[in-house]
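Residue numbers (my numbering), protein chains in the order written: chain D, 1 to 144; chain P, 145 to 438; chain W, 439 to 624. Glycine included, each C-beta is placed from N, C-alpha and C at the ideal position.
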Amino acid sequence: MSAQKQLLIIDDDPDFVDGIKSILVKANYKVDAAYNPKDGWAALENKKYDLLLLDVMMGRGAEGIMIARKLGKDARLRNLPVLIITSIREQMAFLFPGEAVHPHFVTVDELVEKPVEPKMLLDKVATLIKTAEAKAGHLAEAKK
Amino acid sequence: MKKFAYYPGCSLEKMAQSYHLSAVETARMLGVELKELDDWNCCGATAYFHVDELLAHTLCARNLAMAEAEGMDLVAPCSGCYKNMHACNAHLKKDRDLAEHVNFALEEDNLHFAGKIKVRHLIEVFAEDLAAVKAKATNPLTGLKVAPYYGCQILRPRKFEHENVEEPQYFEDLLGALGATPVDFRLKLRCCGAALIITNREAALSMVRNLLQNAVDSGADVIATACPLCQVNLECYQDQVNAQFGTNFSVPVFYFTQLMGLAMGIPTKQLGVGTEFVAPPPAMLAACRKTAVV
Amino acid sequence: MATTVTFSREIANLLHAAGGEPVSSCMQCGTCSGTCPVSDFMDVRPQRLIRMIDAGLKDQVMATRSFWYCASCYQCTVRCPRGIDIAELMYGLKRYTIWKKQYPEDLIGPAFSETFVKNIVRTGRSYEPVLATSYFFTLGLKEMLQEAQGATMLMLKGRLPVLPARIKRLENFKRMIKRIIPIGDE
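Given below as structure tokens:
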């Protein structure tokens with residue numbers, strides 16, 4: 001069994017963070033939390049994470065999208081798997097009623113909408129980390 | 145010749161058309177070219193910032209980027225538009241991540257924000273060359289007592305450090321250059337209620353009443369404004385104020401550009417005079433009559 | 439498990455990109471309440487609102503109407519001796535309650551803002567008559583008559599547009615918005 005995986009949550013809702021953090025900690029993950037995009041980015045720069053759980057609507061607006069795009073442009077962080085967890089559709093329902101979320105211009109690995117089922121959350125987290133590791137393994141292999 | 149990218153804003157399209165007409169006419173007289181920005185979009189007023197600030201910045205940035213492409217500073221006659229555009233310009237220049245993200249969106253319209261231009265309010269542009277204004281004021285507004293109403297967003301929030309936001313004087317100086325007499329209007333910086341006229345009528349009417357009362361008490365014949373929202377609130381809601389408070393206000397409210405135009409002898413029709421609810425005071429009518437023969 | 443994030447911290451997170459000093463630096467001098475032209479109409483004046491945030495009274499603060507009565511005149515912001523950008527705080531709270539749909543139902547402010555934004559997102563311009571009708575239903579009979587009278591006067595003076603304006607490159611504009619708010623078909 002490999003070492004404990006290190007996750008980061010960036011979400012402005014303290015109650016929601018508490019909820020999913022306790023689920024993840026029980027499943028033997030190490031979890032850090034940042035409650036605004038600025039602190040979140042600082043954490044990403046200072047520590048190595050295996051996965052990012054990212055909210056969308058924070059601070060000024062859909063700042064989660066800004067972070068996801070910035071990650072994609074960062075050589076070191078580009079391969080960090082990102083799971084977006086959002087209620088943007090509900091939050092902006094008055095503007096685009098009944099329409100789907102489509103962050104296709106951002107390369108995020110997976111997007112789920114709040115509220116999140118604990119089992120589904122754990123499945124997605126495990127799968128994303130496994131896929132990222134396999135990809136990293138292939139890359140290392142190819143380099144040899 | 146000074147040349148600017150002119151951003152009229154939604155209100156000037158119709159509701160404040162007299163402001164638009166008089167702005168363009170007086171600028172022409174002063175040798176200032178106002179080139180209307182092609183395909184400009186709404187600045188978002190205050191509503192955007194209530195919902196999504198990133199979107200608010202993006203909408204303003206589209207206008208800024210178009211002015212940049214023309215290589216001209218942007219001039220806005222509406223204080224709300226001016227404040228939004230100015231704030232957006234400052235934010236994007238300071239925050240590179242924000243500018244990068246907004247530029248990503250602007251790509252959809254083949255535009256790019258680089259932060260190369262300044263954002264100005266129309267009254268600043270006119271007030272910085274009083275000699276030119278004086279030289280053109282051949283039909284001085286002698287005897288007309290004017291309350292210079294600055295309102296809020298021209299001055300607030302501060303646009304630069306140590307800006308004098310408590311005791312500005314340029315509006316008075318501009319009126320003086322037209323031959324008019326600026327009165328000591330104590331509430332000249334007090335809010336007109338802005339969008340509260342819709343979202344909290346009771347509060348806004350009371351704010352309008354205070355301003356009208358102060359203008360009357362200070363002996364003004366007319367209030368001069370530099371913002372369409374201020375103009376509409378102060379003028380068009382006087383009936384409601386009177387009904388609400390048992391007052392009897394009938395205070396004319398004109399744009400500073402209309403007064404400038406009159407003083408320059410521009411025919412009243414070209415200044416949109418005639419679309420107001422409250423007729424001009426006698427001293428102004430005298431000037432209006434003279435424009436017909438100037 | 440109770441959260442370790444105080445409400446004051448939550449507000450600081452919301453305003454992480456805003457200028458000005460944190461709300462927690464308030465010394466309760468009351469300049470904001472004294473200078474605010476709307477404070478007589480607020481259920482909670484700015485000074486007390488800040489104190490409530492500092493005390494962590496989240497539910498009470500979110501249920502307050504006072505920030506929806508802020509006219510964005512920025513008098514508090516320029517006068518605050520501690521350099522707190524109070525008007526930005528009001529904007530932040532408006533945003534937060536819109537996202538969470540946590541505002542008193544009879545408030546006109548949120549409906550007005552939403553209608554305004556919807557209109558611009560569809561046309562690129564704002565359109566006064568649509569704005570008028572959107573909040574019409576919230577008015578009483580007397581106000582409704584006053585409103586109709588006012589609109590008729592503006593019409594007679596040629597000061598209300600008959601048709602909504604729209605920008606030319608509207609399709610580009612709409613795609614631009616979707617890059618900022620990722621909702622809707624691509």
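Residue-level contact to chain W via CB, residue i, 7 Å cutoff
i         : result
D/Asp-12  : yes
P/Arg-240 : no
P/Leu-236 : no
D/Phe-96  : yes
P/Ile-342 : yes
P/Phe-248 : yes
P/Arg-334 : yes
Backbone CA spacing between residue i and residue j [nearest angstrom]
i         : j         : result
P/Arg-345 : P/Arg-353 : 12 Å
P/Gln-297 : D/Met-92  : 28 Å
P/Ile-267 : P/His-306 : 20 Å
P/His-502 : P/His-201 : Given that chain P is displayed from residue 145 to residue 438, the structure contains no residue 502 of chain P and the question cannot be resolved.
P/Met-428 : P/Glu-157 : 25 Å
P/Gln-382 : P/Gln-402 : 20 Å
P/Tyr-314 : P/Gln-161 : 24 Å
D/Ala-27  : D/Lys-119 : 10 Å
W/Phe-575 : D/Glu-90  : With a pLDDT of only 49 at W/Phe-575, under 50, the local geometry of the prediction cannot be trusted, and the value read off the model is given with reservation. Computed Cα separation, rounded: 24 Å.
D/Leu-7   : D/Thr-127 : 14 Å
W/Ala-603 : W/Thr-561 : 7 Å
W/Asn-451 : D/Ala-34  : 9 Å
D/Glu-117 : P/Ala-347 : 47 Å
P/Ala-370 : P/Tyr-151 : 14 Å
W/Met-528 : W/Phe-505 : 5 Å
P/Leu-322 : P/Cys-380 : 26 Å
D/Asp-123 : D/Leu-52  : 15 Å
D/Val-112 : D/His-102 : 11 Å
P/Asn-185 : P/Asn-207 : 7 Å
W/Val-482 : W/Arg-503 : 8 Å
P/Thr-301 : P/Cys-374 : Checking the sequence, you will find Pro at residue 301 of chain P rather than Thr. Between P/Pro-301 and P/Cys-374, the C-alpha separation is close to 17 Å.
P/Met-324 : P/Gln-357 : Checking the sequence, you will find Ala at residue 324 of chain P rather than Met. Between P/Ala-324 and P/Gln-357, the C-alpha separation is close to 21 Å.
P/Gly-188 : W/Ile-615 : 13 Å
W/Thr-590 : W/Pro-599 : 12 Å
W/Met-439 : D/Val-17  : Since pLDDT at W/Met-439 reaches only 46, below the 50 mark, its modelled position is unreliable, and no value is offered.
P/Leu-181 : P/Ala-167 : 15 Å
Within-7 Å CB hit, residue i to chain D
i         : result
P/Met-159 : no
P/Glu-252 : no
W/Ile-522 : no
P/Glu-197 : yes
W/Phe-550 : no
W/Ala-493 : no
W/Ala-589 : no
W/Phe-575 : Because W/Phe-575 carries a pLDDT of 49, less than 50, the predicted location of this residue cannot be relied on, and no value is offered for it.
Chain P within 7 Å of residue i, Cβ atoms only
i         : result
D/Met-58  : no
W/Arg-560 : no
W/Gly-472 : no
D/Gly-64  : no
W/Ala-509 : yes
D/Gly-61  : yes
W/Phe-445 : no
W/Ile-633 : Here chain W comprises residues numbered 439 to 624, so residue 633 of chain W is not present and cannot be evaluated.
W/Thr-515 : yes
Proximal chain P residues relative to residue i, where beta-carbon distance stays under 8 Å
i        : result
D/Lys-47 : None at all; the shortest Cβ gap to chain P is about 20 Å.
Cβ pair residue i, residue j closer than 7 Å
i         : j         : result
D/Gly-59  : D/Pro-37  : yes
D/Met-66  : P/His-245 : yes
P/Asn-377 : P/Cys-336 : yes
P/Gln-384 : W/Gln-584 : yes
W/Arg-627 : P/Glu-251 : Residue 627 of chain W lies beyond the stretch modelled for chain W, which goes from 439 to 624, so this question has no answer here.
W/Tyr-512 : W/Ala-525 : yes
W/Arg-563 : P/Cys-154 : yes
P/Val-309 : P/Leu-299 : yes
P/Ala-431 : P/Ala-359 : no
P/Ala-220 : P/Met-210 : no
Contact list for residue i against chain W, beta-carbon separation under 8 Å
i         : result
P/Gly-328 : It is Asp, not Gly, that sits at residue 328 of chain P in the sequence shown. In chain order: nothing, as chain W lies at least about 19 Å away.
P/Phe-148 : Result: empty, since nearest Cβ-Cβ is about 20 Å, beyond 8 Å.
Proximal chain W residues relative to residue i, where beta-carbon distance stays under 9 Å
i        : result
D/Glu-99 : Ile-621, Gly-622, Asp-623
Residues of the segment 111-137 of chain D whose Cβ lies closer than 9 Å to any Cβ of chain P, in chain order: none
Chain-ordered residues of the segment 524-538 of chain W with a beta carbon less than 8 Å from chain P: Ala-525, Tyr-529, Lys-532, Arg-533, Ile-536
Short-range partners of chain W found in the segment 379-411 of chain P, where Cβ spacing is below 7 Å: Cys-380, Gln-384
Residues in the segment 64-94 of chain D having any Cβ partner in chain W nearer than 7 Å: Ile-65, Ile-88, Arg-89, Gln-91, Met-92, Phe-94
Within 7 Å of chain W by C-beta, residues of the segment 16-48 of chain D in sequence order: Asp-18, Ser-22, Tyr-35, Asn-36, Pro-37, Lys-38
Short-range partners of chain W found in the segment 163-193 of chain P, where Cβ spacing is below 7 Å: Asp-183, Asn-185, Cys-186, Gly-188, Ala-189, Thr-190, Ala-191, Tyr-192, Phe-193
Near-chain D residues of the segment 255-281 of chain P (beta-carbon distance less than 8 Å), N- to C-terminal order: Cβ contacts with chain D: none found.
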